[in-house]
DNA sequence: GCAAAAGTGTTCGTACTACACCCATGG
DNA sequence: CCATGGGTGTAGTACGAACACTTTTGC
């Protein structure tokens, strides 16, 4: 008789201060040590996997995501939990973290953003899962315009550029980057300018998803490459 | 109480006659209509997901694969089976089908290769799974040298080319293709020639995985693009 | 000698790379 | 007037795209 539990976990990325962050929680019923973990939990009998992720995120962290895709299913750690074997379907989520109030909801003791480069030891195999999520994000950034899901609706070009360079850990020429991005025709200049920090005011841009879809159907491919 | 079963299914691709094939089985205890289905079955409590796939493939079809990767987890059809909900972790497998004797083993009534373009109605959501597998294969062909896992160890350049054009359904210039492929430096000319069918005899080539790995670590990227 | 498939080079255009100076604002 | 970050153009190069004839064999 099969005795395996099915869980979902979410790697939720946010971007701020020129750094990539992961959303972590401390579970109420953690037992032994209070380790940080990815938000997630068991799937209910009558809900889809995706619905389960969304429910857990709401219950535990109060975020709602801008982008969500299935990442990978981790099920090879046969003894991850000593009572029942658990396999975990991991999801990758992106949020505009500037626009979000996280809070520990009913099921979580605490919730916080951690810079992805400075993670503590996480529960179970969650470090592995985050790593896989980061790899996926890095790969997808180069061939799908998903970076915009980490930014506010209108954003500065310099932020977009910093997002790419910091997540991919590669340098890039500012002029070439701008030329290429604008060349796609999927960005729109707004009439607004940034409330300055210093220096010359910068135009705010926004991503045009509809235009991207249209172009895509014509055989257009988004692609940002670095040396 | 959670009541969900965990299964694995494999999309096994083979290549022959300039066509891509999928390996299908008819299950012994299919119940109602005898539909064709992907090889697969329930995961045992103490085996990894990958081991489960390999076991089922052996039990049902007697193939051993050259390439195996996790594809996607299908779990949103809450009523796929009316007694228990089942989620299925699908794997993508590639075999050198010229070198394989398939046979219905203990658990299968019948086993056969079907051209991927002429599939019957499959059990459950298996048509969807095959489709996803095909998409993944098409994508990976262009940025990883996995086409070789569908070919015999030594092969003709014309076969390699036909593999690409038929799976990706795009034309390509023979000279440019050859130039590019050889330019990578991951192929080796053997001293053998093809037993002719007609025309000028053709050299046999082989893939050098070790050389590919070496280059990869130096930052080399395999990439085959089409218009 | 002809049918069938294999093998091979060059030209052209495009797209990426590298690179440095001026601009607009706030303090 | 200076510090800060924003905005812009050009020249060189390398790579992909297009394209057609010769070679070797079997029959």
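Protein chains in written order, with our numbering: chain A, 246 to 472; chain B, 246 to 472. Don't be surprised by glycine CBs; every beta carbon is placed ideally from N, CA and C. A quick note: this is a predicted structure, and the numbers were derived from the prediction, not measured.
- Unbroken alpha helix (DSSP H) stretches of 4 residues or longer found wholly inside the region 288–345 of chain B: 294–306, given in chain order.
- Annotation for residue 357 of chain B: 269 place their beta carbon closer than 7 Å to its own, counting only its chain and skipping 5 residues before and after.
- Counting only residues of its own chain and dropping the five nearest sequence neighbours on each side, residue 298 of chain B has a CB closer than 6 Å to the CB of 253, 255, 336.
- Residue 433 of chain A has A:451 as its beta-bridge partners, per DSSP.
- Between residue 316 of chain B and residue 310 of chain B, the C-beta spacing is not below 8 Å.
- Between residue 279 of chain B and chain A, the shortest Cβ-Cβ separation is not below 8 Å.
- Shown here for residue 373 of chain A: same chain residues with a beta carbon closer than 8 Å to its own, the five before and five after excluded, namely 319 in chain order.
- Nearest CB-CB separation between residue 247 of chain B and chain A: below the 8 Å threshold.
- In the three-state DSSP reduction, residue 285 of chain A falls in the strand class (E or B).
- Residues of the region 310–341 of chain B with a C-beta less than 7 Å from any C-beta of chain A: 315, 317, 318, 320, 321, 323, 330, 332, 334, listed in chain order.
- Nearest C-alpha to residue 362 of chain B among B:405, B:404, B:407, B:414: B:414.
- Residue environment for residue 400 of chain B: buried (at least 16 other C-beta atoms within 10 angstroms of its C-beta).
- Linking residue 471 of chain B to residue 418 of chain B through their CA atoms gives a straight-line distance of about 9 Å.
- Of the residues assessed, residue 305 of chain B falls on the buried side of the cut-off, its CB having 16 or more other CB atoms within 10 angstroms.
- Listed along chain A, no residue sits closer than 9 Å to residue 449 of chain B by beta-carbon distance, the nearest being about 34 Å off.
- Setting aside the 5 residues that flank it on each side, residue 272 of chain B is surrounded in the same chain by 282, 353, 354, each with a C-beta closer than 7 Å to its C-beta; the list follows chain order.
- Judged by DSSP in its simplified three-state form, residue 269 of chain B adopts strand.
- In this structure, residue 406 of chain B lies away from residue 467 of chain B, with their beta-carbon atoms at least 8 Å apart.
- Between residue 360 of chain B and residue 264 of chain B, the gap from beta carbon to beta carbon is short of 8 Å.
- About 16 Å separates the CB atoms of residue 386 of chain A and residue 375 of chain A; that is not less than 8 Å, and the two are not in contact.
- Within chain B, the C-beta atoms nearer than 8 Å to that of residue 293 of chain A come from 320, 321, 323, in chain order.
- Separation of residue 464 of chain A and residue 300 of chain B (C-alpha to C-alpha, rounded to the nearest whole angstrom) is 41 Å.
- In the three-state scheme derived from DSSP, where H, G and I count as helix and E and B as strand, residue 467 of chain A is classed as coil.
- Taking a C-beta cut-off of 7 Å against chain B, none of the residues of the region 405–437 of chain A qualify.
- If you ignore the 5 residues before and after residue 469 of chain B, its C-beta comes within less than 6 Å of the C-beta of 387, all in its own chain and listed in chain order.
- The Cβ neighbour count for residue 409 of chain B, taken over all protein chains shown within 10 Å, is at least 16; the residue is labelled buried.
- For residue 290 of chain B, the C-beta contacts it makes with chain A under 7 Å involve 247, 248, 249, 330, in order along the chain.
- Looking at A:447, A:426, A:430, A:443, the one whose alpha-carbon comes closest to that of residue 436 of chain A is A:447.
- At a cut-off of 8 Å between beta-carbon atoms, residue 379 of chain B makes no contact with chain A.
- DSSP places residue 443 of chain A in the coil class of the three-state scheme, outside both helix and strand.
- According to the DSSP assignment, residue 258 of chain B belongs to the beta strand (DSSP E) that extends over 249–261.
- Excluding residues up to 5 positions away in sequence, 452 lie with their Cβ nearer than 7 Å to the Cβ of residue 393 of chain B in the same chain.
- The residue among B:382, B:449, B:340, B:456 with its C-alpha nearest the C-alpha of residue 431 of chain B is B:456.
- Assigned with DSSP and collapsed to three states, residue 404 of chain A falls in helix.
- Listed by position along chain A, the residues whose Cβ is nearer than 8 Å to that of residue 287 of chain B are 247.
- Residue environment analysis places residue 324 of chain A among the exposed positions, since fewer than 16 neighbouring C-beta atoms fall within 10 angstroms of its C-beta.
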